[in-house]
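Below is one structure, written out as structure tokens; comments come after it.
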Amino acid sequence: MAELDAGSTQRTRPLSPHLQIYRPMLTMMMSIVHRITGAALYFGTLLLTWWLIAAAAGPNAYANVEWFMGTLIGKLILFGYTWALLHHMLGGVRHLIWDTLHGLEPTEREILTLATLIGSITLTLLIWVAGYLAMGGPR
Amino acid sequence: MNAPPHMRTPMRRVRGLGAAHSGTGLFWHQRITSVAGIPLSIALVVIVVALLGRSHAAVVQILGSPLIAIVMLLFVINSAYHMWIGMQEIILDYVHDDKWKLMSLMANTFFVVAVAFASCYAILKLSFGV
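In order, the protein sequence lines correspond to chains L and U. Just so we're aligned, residue 6 is where the first sequence starts under the working numbering, counting upward by one. Just so we're aligned, residue 914 is where the second sequence starts under the working numbering, counting upward by one.
Structural data, given as structure tokens:
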């Protein structure tokens, strides 16, 4: 096998086309967004853990979490977490549908993908409105 | 009849291998935990929205009540396994160097176990008090 190790062999070897050769498409974008939201939720879980530990630790620790979630950055992170959770959930449903070999026709898959995006944004806004209503208005 | 060029059958090569050296079992577990994650995520959102703006005492009481605590425990355990598989998949896709791969796979396990254990401990403490 030693004669195949020459660098020239590697340079001349044909490569299959990768992502950059294709025109960006919605399904492609939402595929990577599914992975990105998944990774974001992975680290976002720390938020949930912090909240639970603070609640278990006592009023002072809980007040710290409440303060942080009330800041602009805290709200942005929480808003992002809400959207990521819902988008990843709806995207997951789409993938489960595709796992059954349904909804894979060109129009169907575009509609499904668009539906997850519109659905996640709409649901996120609705949940935040519900949240503010539950708290009796923004603060 | 000629002897086969390799003693290993295709089945032998497939079984238990792949980048994770563990076959397709995790693929299926990712599907199971994703289905379970749908009702559990909806429940989490409802619980968090319901607890917004409440006093610490009220939050402790509600989070520690059996039904809510069980749902929260299920969410944490299900999510932990789901995200452990997911992050492993990401690592195996992008980290090709064996040393870094091994370390990041290990870090993934440590992170997920720590997060899951800490969350479960907090929920149980809220449930059983002190």
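All residues carry an ideal CB built from backbone N, CA and C; glycine is no exception.
- With L:T121 and L:H92 assumed to form a contact (beta carbons below 8 Å), what rounded beta-carbon distance in angstroms separates them? About 7 Å separates the CB atoms of L:T121 and L:H92; that is less than 8 Å, so the two are in contact.
- Query: Does the distance from the CB of U:S1040 to the CB of U:A982 come in under 7 Å?
  - Reply: Less than 7 Å separates the beta-carbon of U:S1040 from that of U:A982.
- What is the residue span of the alpha helix (DSSP H) that U:Q943 lies within? Segment G938 to L964, the alpha helix (DSSP H) holding U:Q943.
- Span of the alpha helix (DSSP H), counted from its first residue to its last, around L:T151: Residue 151 of chain L lies beyond the residue range present for chain L, which begins at 6 and ends at 144; the question has no answer from this structure.
- Message: Using beta carbons (cut-off 7 Å, strictly below), is U:H1009 in contact with chain L?
- Response: No, because no Cβ of chain L sits closer than 7 Å to the Cβ of U:H1009.
- Task: Note down, in chain order, each residue of its chain lying with its Cβ closer than 8 Å to the Cβ of L:R114, except the 5 sequence neighbours on either side.
- Result: Contacts found: T32, W103 and G108.
- Compile a chain-ordered list of the residues in the region 32-54 of chain L whose CB is closer than 8 Å to at least one CB of chain U. Cβ contacts with chain U: R40, G43, A44, L46, Y47, T50, L51, L53 and T54.
- Message: Let me check understanding here. Comparing Cα to Cα, which of L:R40, L:P29, L:I37 and L:F48 lies closest to U:A1027?
- Response: The candidate whose alpha carbon is nearest that of U:A1027 is L:F48.
- Query: Given that U:H942 touches chain L, what residues does it touch there, using C-beta distances under 9 Å?
  - Reply: Counting only Cβ-Cβ distances below 9 Å, U:H942 has no contacts in chain L at all, with the closest Cβ about 14 Å away.
- Message: Counting C-beta neighbours from all protein chains within 10 Å, is the total for U:Q1001 16 or more, i.e. buried, or is it exposed?
- Response: Per the 10 Å Cβ criterion, buried.
- Query: Where L:P111 and L:P22 are concerned, what is the direct C-alpha to C-alpha distance, given to the nearest angstrom?
  - Reply: Taking the straight line joining both Cα atoms gives about 21 Å.
- Message: Taking the straight line between their C-alpha atoms, what separation do you get for U:D1006 and L:T50?
- Response: For U:D1006 and L:T50, the distance between alpha carbons rounds to 22 Å.
- Message: Closer than 7 Å between beta carbons: that is the criterion. Which residues of the region 59-78 of chain L meet it against chain U?
- Response: Under the 7 Å Cβ criterion, the region 59-78 of chain L contributes A60, A61, P64 and Y67.
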